[in-house]
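Let me begin by presenting the structure, written as structure tokens, before commenting on it.
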Amino acid sequence: MILIDTCSMLRLTEDIDLRDFNCGNEDLNDFLHNSALSYDNALLGRSYVWTLDKDPRHIMCFFTVSNDSLRLQNLTNSTQKRIKSKIARQKHRSTYPAVLIGRLGVNLSLKQQRQPGISSIGDQLMTFIKAWFSSQQNKTGCRFIIVDAYNKPEVLRYYERNGFRFLESKGEESKNTGYSPLTRSMFFDLIQVS
Amino acid sequence: MALEIKPTPILKGRSVDRFIRILEENQDKRISPEEKAEMQKMLEKTLKKAKL
Chain A
1 MILIDTCSML RLTEDIDLRD FNCGNEDLND FLHNSALSYD NALLGRSYVW TLDKDPRHIM
61 CFFTVSNDSL RLQNLTNSTQ KRIKSKIARQ KHRSTYPAVL IGRLGVNLSL KQQRQPGISS
121 IGDQLMTFIK AWFSSQQNKT GCRFIIVDAY NKPEVLRYYE RNGFRFLESK GEESKNTGYS
181 PLTRSMFFDL IQVS
Chain B
1001 MALEIKPTPI LKGRSVDRFI RILEENQDKR ISPEEKAEMQ KMLEKTLKKA KL
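Quick mapping for you: the protein sequence lines, in order, are chains A and B.
Letter 11 of the first sequence, counting from 1, is numbered 11 in the working numbering, and no numbers are missing.
Counting from 1 along the second sequence, just add 1000 to a position and that's the residue number in the working numbering.
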């Protein structure tokens, strides 16, 4: 299935019937069904759903995004110089604009219908998000996509396959939290697609 | 109740070094103009029929 040929993206509104959607993850389902609109109303996160053109009751996938930043602490002069050489025209600052993917889910029925030679719906959706936030359509500067991914092999594999890297190594993260985290922070550098 | 998203960590120490190394690697990982054009086409097609 090619997402852009068969579906349309809509901003989530209360007119959209969400009952049909099931991505197989209780937290994500619950968020879309019960919290996504209130997040939008409170300007905390905006959700977009992809509905099937031939039957818009079917929601194929969704994602929720909000503004965020990537922050670096206690930078030495040499570190600042290294960063400046990689991020042009940055002054001595340690905060970089980013968009946070707060939630992303794909209809369970599509996960079970993989077609050889065609990217998964999740991969197609991620390509769109990268294109959107690195394009002229995005009215603010945004260098990174960040995500707090479930610490599950299939989820981490999905983001790694799509070019995301871990913000902290596993050892660093465990050291900071003292336990194996439920989620892991990952990022994608939009300069790669700009 | 939906899982609360934890704050994005503030990178420090070794994590900063690791982050810069990744940025350095990314300099050579840019997509080709053909891939970029393909992405742009996909974006335009999507936004044309999107309701935002």
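Where a beta carbon is used, it is the ideal one built from N, C-alpha and C, also for glycine.
C-alpha of Ser109 of chain A to C-alpha of Cys23 of chain A: approximately 8 Å in a straight line. Residue burial annotation: Leu167 of chain A is buried, with at least 16 other C-beta atoms found within 10 angstroms of its C-beta. Looking at the backbone, the Cα of Arg11 of chain A and that of Thr76 of chain A are separated by about 43 Å. Among the residues facing chain A, Ser1032 of chain B is not included, as its CB has no counterpart in that chain under 8 Å away. In the structure shown, Gly122 of chain A falls within a helical segment according to DSSP collapsed to helix, strand and coil. Per DSSP, Ser38 of chain A lies in no beta strand (DSSP E); the unbroken alpha helix (DSSP H) holding it starts and ends at 36-41.
Burial check for Arg184 of chain A: the Cβ neighbour count within 10 Å reaches 16 or more, so the residue is buried. Here Leu1043 of chain B really is in contact with Ala131 of chain A; their C-beta atoms are around 4 Å apart, less than 8 Å.
C-alpha of Gly102 of chain A to C-alpha of Glu1035 of chain B: approximately 27 Å in a straight line. Counting only residues of its own chain and dropping the five nearest sequence neighbours on each side, Asn151 of chain A has a CB closer than 8 Å to the CB of Ser180, Pro181, Leu182, Thr183, Arg184.
Among the residues facing chain B, Ile59 of chain A is not included, as its CB has no counterpart in that chain under 8 Å away. Between Leu28 of chain A and Gln124 of chain A, the CB-CB gap reaches or exceeds 8 Å. Leu70 of chain A sits away from Phe188 of chain A, with the two beta carbons spaced by 8 Å or more.
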